[in-house]
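Chains as they are written, first to last, in my numbering: chain C, 1 to 240; chain U, 1 to 240. For each residue, glycine too, the CB sits at the ideal point set by N, CA and C. Note that the coordinates shown come from a computational prediction; the quantities given were computed from them, not determined experimentally. Worksheet for the structure shown next.
2 protein chains.
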Amino acid sequence: MEDRHTKNESDAAGSNYMHGLAIDAVVFGFHDNLLKVLLMQYKKSGIFALPGGFIHSDENLDDAAHRVVSERTGLKDIYLEQFHVFGDANRSDPAPMRMIMLANGIKPDENHWLLQRFISVGYYAVVDFTKVTPMPDRIFDGCNWYSLAYIPPLMQDHAQIIKNALASLRANLDNKLVALNLMPREFTMNDLQTLYETILDKKLLRSAFQRKMLSLGILERIAKKWTGGAHKAPYLYKFI
Amino acid sequence: MEDRHTKNESDAAGSNYMHGLAIDAVVFGFHDNLLKVLLMQYKKSGIFALPGGFIHSDENLDDAAHRVVSERTGLKDIYLEQFHVFGDANRSDPAPMRMIMLANGIKPDENHWLLQRFISVGYYAVVDFTKVTPMPDRIFDGCNWYSLAYIPPLMQDHAQIIKNALASLRANLDNKLVALNLMPREFTMNDLQTLYETILDKKLLRSAFQRKMLSLGILERIAKKWTGGAHKAPYLYKFI
DNA sequence: TATTATTGTAATAAATTGTTACAATAATAA
DNA sequence: TTATTATTGTAACAATTTATTACAATAATA
């Protein structure tokens, strides 16, 4: 994410970060039967943006992505996938960054690297909603979950980045790790089906879904769950 | 590709290119029933590398990739897919570039941008072998096809980049455009099957393959092809 | 004219997916 | 205690897709 503040003046001078290159992270979580993403907000101006950051001169790109997501979520082990690079020449708009720098008492000259063009590497993360503590950074004073159905207008091409991330997530959904990271440790077959239906945005047939999931050999049935409902109690499952 | 020469001194000074960022292209062609890729060679030293280049300050990333592949192949319309970004901190080795610059009469100081770390965006191209005229660039005096089975030792992580590109190509093979770009205009079902078998590196069953291809509705049967063989003549097909 | 190799496709089998049906419950209401 | 209700687990069957086998239709050659 290009419009990201930096930790100190030597960083702001650009001595420690790669110039022209940034990371944008789409952090997916699942809560209240809704698929959500983490968004940053600059409250003074109401600007919304994806969590993001820069790459230290001696830092692996993947490590930078982990660091960025870790700093915003408090998580250590993170399921991360690099999915696309966004490199159109006109995708960077220096205006928000200039405003933010001015608001922080920095008066950058016009060819300051933070005001130049940025190419951004898109990563998506898949995390356990309940384990995340959203944390703002030095620029954005807000960091919160937003349901995919109600995303506010975003900076630059960030809406497109989310769209692209969602397409990649869907294509990758059969990977057991995706569901593993979005489900709590124990869940019913119905919970799992709801997750799939939410991500794919379509109804699935209960019988076929259950048969399929059980045949994959990735689930272990652990106990019955008495819900208090007037019906048969479902089993609880966990991933093996 | 980071070790790429630049067109003139002002370019070499770095005024026109984004620093720290490069493109590496894996150009796939099919010939003699072999899957091949274009490789550059610096003959004095025997160094082999993928075709690559830099991104002009005002150029879209995708456009830069098209330009790079176009310059090495002479092609205009190119099937290109961005597949991965290679961003490990230690993947860049300044030694070959330093040698090349010296050989060209440039004595760079040690923090010249061409000797710094590069992050590289990988693209793969799928092209008609017969339409390509491999063209060297200012650095590499050789540009030729190499069968995937006989790739010489390559610079830096370029072998890994090819491996990664091949995996993406396989995952994307069902896309009709891939075969469209690797086949001549007219071909037999057997030709097409050989292409699939070569890319996937496994035998396919003739009957099932033919039924599948015909059912896709992307082929048009145009004529018989008398091969001179002592057997029934196969049909020729073209993509609709 | 018989022989040979290869092609196009039908026939059959096996695997996967889609759909319907139904017995087995947990709770609640009568 | 005994229906009633909603939901679950799974079987049964159908439809579709994929795998395998079989075979007639040819171009060339012997």
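Check	Outcome
Bounding residues of the alpha helix (DSSP H) (the contiguous stretch that carries Ala-95 (chain C))	94-103
Lys-131 (chain U) burial status per 10 Å Cβ neighbour count (16 or more: buried)	exposed
CA nearest to the CA of Val-121 (chain C), picked from C:Asn-164, C:Leu-173, C:Leu-200, C:Lys-202	C:Asn-164
Neighbour-count burial assignment, Tyr-150 (chain C), 16 or more Cβ in a 10 Å radius	exposed
C-alpha gap between Gly-229 (chain U) and Leu-80 (chain C), whole angstroms	55 Å
Proximal residues, the segment 112-137 of chain U versus chain C, C-beta separation under 8 Å	Arg-117, Ile-119, Val-121
Partners in chain C for His-66 (chain U), counting only beta-carbon separations shorter than 9 Å	Under the 9 Å cutoff, chain C gives no residues; its nearest Cβ is about 12 Å from His-66 (chain U).
Pairwise C-alpha distance: Asn-111 (chain U) and Arg-170 (chain C)	43 Å
Any 3 or more C-beta pairs closer than 8 Å across the segment 93-110 of chain C and the segment 36-45 of chain C	yes
Top-ranked residue by Cα proximity to Ile-119 (chain C), from C:Asp-128, C:Leu-200, C:Phe-48, C:Gly-53	C:Gly-53
Where the segment 169-199 of chain C meets chain U: residues whose CB sits under 7 Å from a CB there	none
DSSP-derived helix/strand/coil call for Asp-128 (chain C)	coil
Inter-stretch contact at 8 Å, needing at least 3 Cβ pairs: the segment 174-189 of chain C / the segment 144-162 of chain C	no
Partners in chain C for His-19 (chain U), counting only beta-carbon separations shorter than 8 Å	His-19, Gly-20
C-beta neighbour in chain U for Ala-167 (chain C), strict 8 Å	no
Same chain only: Cβ atoms within 6 Å of Val-85 (chain C), ignoring 5 sequence neighbours per side	Val-121
Environment of Met-40 (chain U) [buried if 16+ CB atoms lie within 10 Å]	buried
Leu-219 (chain U) vs Ile-240 (chain U) beta-carbon contact at 8 Å	yes
Pair within 8 Å by beta-carbon distance, Asp-58 (chain C) and Ala-89 (chain U)	yes
Continuous beta strand (DSSP E) stretch holding Lys-176 (chain U): start and end	Taken as a continuous stretch (DSSP letters only), Lys-176 (chain U) belongs to no beta strand (DSSP E), being part of the alpha helix (DSSP H) at 176-182.
Beta carbon of Val-26 (chain U) nearer than 8 Å to that of Leu-50 (chain U)	yes
Residues of the segment 68-86 of chain C with Cβ closer than 9 Å to any Cβ of chain U, in chain order	Gln-82, His-84, Val-85, Phe-86
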